[in-house]
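One structure below.
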Amino acid sequence: MDDKLRIGVLGLGVVGGAVVKILKENESIITARAGKKIEVVKGVTREPEKAKHLGIELSTDVDFILDDPSIDVVVELMGGVDFPYVVVKKALQNGKSVVTANKAMLAYHRLELEELAKNLHFGYEASVAGGIPVIYALKDGLAANHILSIKGIVNGTCNYILTRMMKEGASFSEVLADAQKLGYAEADPTLDVGGGDAAHKLLILASIAYGIDAKPEDILTEGITDIAKEDIEFAKDFGYVIKLLAIAKKRGHKVELRVHPALISEEHILADVDGVMNAVAITGDKVGETMFYGAGAGGDATASAVIANLIEIARSESAAAMMGFNRPLETGLELAGKGDIEGKYYIRIEAKDELGVLGKIAAVLSENGISIENFKQKNLGESASLLFSTHEAKEGNIQSALDAVSKLPSVIKKPVMIRIEG
Numbered sequence: 008m009d010d011k012l013r014i015g016v017l018g019l020g021v022v023g024g025a026v027v028k029i030l031k032e033n034e035s036i037i038t039a040r041a042g043k044k045i046e047v048v049k050g051v052t053r054e055p056e057k058a059k060h061l062g063i064e065l066s067t068d069v070d071f072i073l074d075d076p077s078i079d080v081v082v083e084l085m086g087g088v089d090f091p092y093v094v095v096k097k098a099l100q101n102g103k104s105v106v107t108a109n110k111a112m113l114a115y116h117r118l119e120l121e122e123l124a125k126n127l128h129f130g131y132e133a134s135v136a137g138g139i140p141v142i143y144a145l146k147d148g149l150a151a152n153h154i155l156s157i158k159g160i161v162n163g164t165c166n167y168i169l170t171r172m173m174k175e176g177a178s179f180s181e182v183l184a185d186a187q188k189l190g191y192a193e194a195d196p197t198l199d200v201g202g203g204d205a206a207h208k209l210l211i212l213a214s215i216a217y218g219i220d221a222k223p224e225d226i227l228t229e230g231i232t233d234i235a236k237e238d239i240e241f242a243k244d245f246g247y248v249i250k251l252l253a254i255a256k257k258r259g260h261k262v263e264l265r266v267h268p269a270l271i272s273e274e275h276i277l278a279d280v281d282g283v284m285n286a287v288a289i290t291g292d293k294v295g296e297t298m299f300y301g302a303g304a305g306g307d308a309t310a311s312a313v314i315a316n317l318i319e320i321a322r323s324e325s326a327a328a329m330m331g332f333n334r335p336l337e338t339g340l341e342l343a344g345k346g347d348i349e350g351k352y353y354i355r356i357e358a359k360d361e362l363g364v365l366g367k368i369a370a371v372l373s374e375n376g377i378s379i380e381n382f383k384q385k386n387l388g389e390s391a392s393l394l395f396s397t398h399e400a401k402e403g404n405i406q407s408a409l410d411a412v413s414k415l416p417s418v419i420k421k422p423v424m425i426r427i428e429g
């Protein structure tokens, strides 16, 4: 067996550069833990001049790495979906193991690529929650358990925004502007604040835990853009905090997959995860609830997870020897329909401040099988914000009720709903 693992890196941005740097800076300890030296020998980047300091052979052509028979592992850090998919597929067809941090590509193509990999290694620890070893935990650490639920704060941008809204009473727009200035949010933050980024990560975790082959379009996904100060006040008054959660929950033979803002008890294990930090709470039928917490992004944290996969490859002559690598923890489960999701709900309705309005709204809710648990009213001059929380209800009933309420002449704006998660 060769005493060196030769790596080619596709994409030498913040994470790719950090992979090269850490492998050099921590070479002795990594070699001791891996059993052989792990060395990046080639890199592909659109801007070779900026990567010269890394001290590796460079090119702008992916085939520079894909067609090199001396490369053992391809590390894909380019981003995007379609082109990386083609590149990773070719790498596997050329007999090379692959490590990727590309959550969007994995959300669409993970199961297909893993099937193609067969006895090659296909690692993606860095695709969810940065340096937090949550994928390892699902595949190995919790392999004796049926996974009952996964609840994660897996988008640092949204968590930063919601933390400041909760703690300072600031508006979404002003905190988003600050997040962009600080580099926590992109110039176009849609993928983050719209929930898409978290949905990609949830699909990866759910496919490991449950064998569910769903696509982003199949699951309920909502962002945080409609959250207002009234919602923050209601949450505080009733002992909640608001977090963007990625949730997988098993109910019988079906699995709910959803990403949305949620009110969670201030006593919940995830309630104190603030700022740009990430955390994933996993409940197993034997171990109970466990939580994995840490930096969910950043060059060094993500590179750490990439290198963990590389060490795993170096330790094993055959990826097939890695227990549980290609097998989901459950089989035979189905994706629950969006309307079949069950839970408690918070509803905000802005309506004219006139006699009988509350009774009409309550009647619509009752007709749809929805009972009210808590109520608060905030006067806004000639209108009022009516804030409700409900008892357990079905998603389909809630949506029907909100559609009917929005058509009442006294209702001024489209109602806002936030789910309550414990």
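Residue numbers for the sequence shown follow the working numbering, so the first one is 8 and each next one is one higher. Don't be surprised by glycine CBs; every beta carbon is placed ideally from N, CA and C. Since the structure is predicted, the reported quantities are computational estimates derived from the model, not experimental observations.
- Under the 10 Å beta carbon count, Phe90 is surrounded by fewer than 16 other beta carbons and is classified as exposed.
- With contacts defined as CB atoms closer than 8 angstroms, Gly346 and Lys401 qualify as a contacting pair.
- Straight-line spacing of the CA atoms in Ala216 and Glu296 works out to 15 angstroms.
- Inclusion of Phe299 and Pro140 in the CB contact set at 8 angstroms is warranted, their separation being smaller than that value.
- In the structure shown, the three-state DSSP call for Gly344 is coil.
- Around Val248, the same chain offers Met173, Ala242, Ile271, Glu273 and Ala278 as residues with beta carbons nearer than 7 angstroms, after the five sequence neighbours per side are excluded.
- Note that the C-beta distance between Ser390 and Glu237 is not below 8 angstroms.
- Partner residues in the beta bridge of Gly350, as assigned by DSSP, are Ala400.
- Rounded to the nearest whole angstrom, the C-alpha separation of Gly259 and Pro196 is 36 angstroms.
- Residue nearest to Leu149 within the set Ile289, Ala58 and Glu399 is Ile289 (criterion: CA-CA distance).
- Contact between the region 72 to 84 and the region 11 to 21 is present: three or more C-beta pairs spanning the two stretches fall below 8 angstroms.
- Taking C-alpha positions only, Arg355 is separated from Pro422 by approximately 6 angstroms.
- Ile157 places its beta carbon 8 angstroms or farther from that of Leu73.
- Val262 and Ile377 have their C-alpha atoms some 23 angstroms from each other.
- Judged by pairs of C-beta atoms under 8 angstroms, the region 45 to 61 does not touch the region 105 to 112, as fewer than three such pairs exist.
- Going by beta carbons, Ile239 and Gly176 fall inside the 8 angstroms limit.
- The region 298 to 316 and the region 126 to 145 touch, with no fewer than 3 CB-CB distances between them shorter than 8 angstroms.
- Leu251 counts as buried, since no fewer than 16 other beta carbons sit within 10 angstroms of its beta carbon.
- Straight-line measurement puts the Cα of Ala39 at about 37 angstroms from the Cα of Asn166.
- Secondary-structure assignment with DSSP links Tyr300 through a beta bridge to Ala286.
- Residue nearest to Lys97 within the set Ala114, Ala124 and Ala286 is Ala124 (criterion: CA-CA distance).
- By the criterion of a C-beta distance shorter than 7 angstroms, Ala151 is surrounded in its chain by Lys293, once the five residues flanking it on both sides are discounted.
- Nearest C-alpha to Val47 among Arg426, Gly350, Ala206 and Leu19: Leu19.
- Put simply, the backbone Cα of Gly282 is about 10 angstroms away from that of Asn162.
- The alpha-carbon of Ala358 is positioned some 27 angstroms away from that of Leu227.
- Between Asp204 and Leu362, the alpha-carbon positions lie close to 44 angstroms from each other.
- With a minimum length of 3 residues, the unbroken runs of beta strand (DSSP E) contained wholly in the region 81 to 139 fall at 104 to 107.
- For Leu212, the enclosing alpha helix (DSSP H) starts and ends at Gly203 to Tyr217.
- Secondary structure in the region 357 to 423: the alpha helix (DSSP H) runs of 4 residues or longer, each lying completely within the stretch, are 364 to 374 and 402 to 413 in chain order.
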